[in-house]
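Convert by adding 70 to the 1-based position in the sequence shown; the result is the number in the numbering used here. Yeah, the Cβ is synthetic: ideal placement off N, Cα and C, and Gly gets one too. Note that the structure is predicted; figures quoted are calculated from it, not measured. Okay, structure first, notes after.
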Amino acid sequence: MAEDTNIILHSNDPELGKIEIAPNVLEIIAGVATSQIDGVNRMRGSFSTSVNELLGRRKEHGKGVNLTYTDEELTIDVYVYLNYGVSVPKVALEIQSQVEQQMLFMTGLKVTEVNVHVQGVIPEKSTSTVDPNNPFAGEEENGEE
Numbered sequence: 071m072a073e074d075t076n077i078i079l080h081s082n083d084p085e086l087g088k089i090e091i092a093p094n095v096l097e098i099i100a101g102v103a104t105s106q107i108d109g110v111n112r113m114r115g116s117f118s119t120s121v122n123e124l125l126g127r128r129k130e131h132g133k134g135v136n137l138t139y140t141d142e143e144l145t146i147d148v149y150v151y152l153n154y155g156v157s158v159p160k161v162a163l164e165i166q167s168q169v170e171q172q173m174l175f176m177t178g179l180k181v182t183e184v185n186v187h188v189q190g191v192i193p194e195k196s197t198s199t200v201d202p203n204n205p206f207a208g209e210e211e212n213g214e215e
């Protein structure tokens, strides 16, 4: 989780006031940018966020993202599960590029690092081809044809 202090953006005209962004906003930007990449199955979350999503409650877009902001340097750690069969380095590079671009575009903040942590690979779900009216169709019986 990001620190509780807001990040202050530098303005060209300080007389207008200051612009502050809460760290969870940056986490959400990075999370949404990551989840839109082909090959990303899901982001790492805690048990409680998984249960909340299963129950149909609000989806946590900032889950699986950790921020470090010190001395005007922003480091982002992204924790993901990928789909089985994708090129891990290719997807990781796309995540790094997309997160960096979206941060710069949406906030003007330059990202120092985007570290991608692949937590696992999720295989495709196999669909059952069992006919509910004849569940034993297609199976060979012992010794009979």
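Residue closest to residue i, alpha-carbon to alpha-carbon, out of the options
i: Leu152; options: Leu79, Ile98, Glu194; result: Glu194
Euclidean distance between Cα positions of residue i and residue j
i: Val184; j: Ile146; result: 5 Å
i: Leu124; j: Met113; result: With a pLDDT of 49 at Leu124, under the threshold of 50, the modelled position of that residue is not reliable, and the figure given next carries that caveat. Taking the straight line joining both Cα atoms gives about 14 Å.
i: Leu179; j: Pro202; result: 56 Å
i: Ile89; j: Phe175; result: 15 Å
i: Asn82; j: Thr177; result: 14 Å
i: Ile77; j: Tyr154; result: 37 Å
Cβ neighbour criterion (16 or more within 10 Å) applied to residue i
i: Ala92; result: exposed
i: Phe117; result: In this prediction, Phe117 scores a pLDDT of 43, lower than 50, which makes its location untrustworthy; the coordinate-derived value is nonetheless stated afterwards. Exposed is the call here.
i: Val161; result: buried
i: Val121; result: For Val121, the predicted model reports a pLDDT of 43, less than 50, meaning its position is unreliable and no value from the coordinates is stated.
i: Leu191; result: Checking the sequence, you will find Val at residue 191 rather than Leu. It is exposed - the Cβ of Val191 has fewer than 16 other Cβ atoms within 10 Å.
i: Thr104; result: buried
i: Gln166; result: buried
Chain-order list of residues whose beta-carbon lies under 6 Å from that of residue i (same chain, five-residue window excluded)
i: Ala100; result: Val135, Ile146, Val169
i: Gly109; result: Leu152, Asn153, Val156, Val161
Spatial neighbours of residue i in its chain, beta-carbon cut-off 8 Å, leaving aside the 5 residues before and after
i: Val188; result: Val150, Tyr151, Leu152, Val158, Ala162
i: Val182; result: Strictly speaking, residue 182 in this sequence is Thr, with Val absent from that position. Only Glu143, Leu144, Thr145 meet the Cβ criterion.
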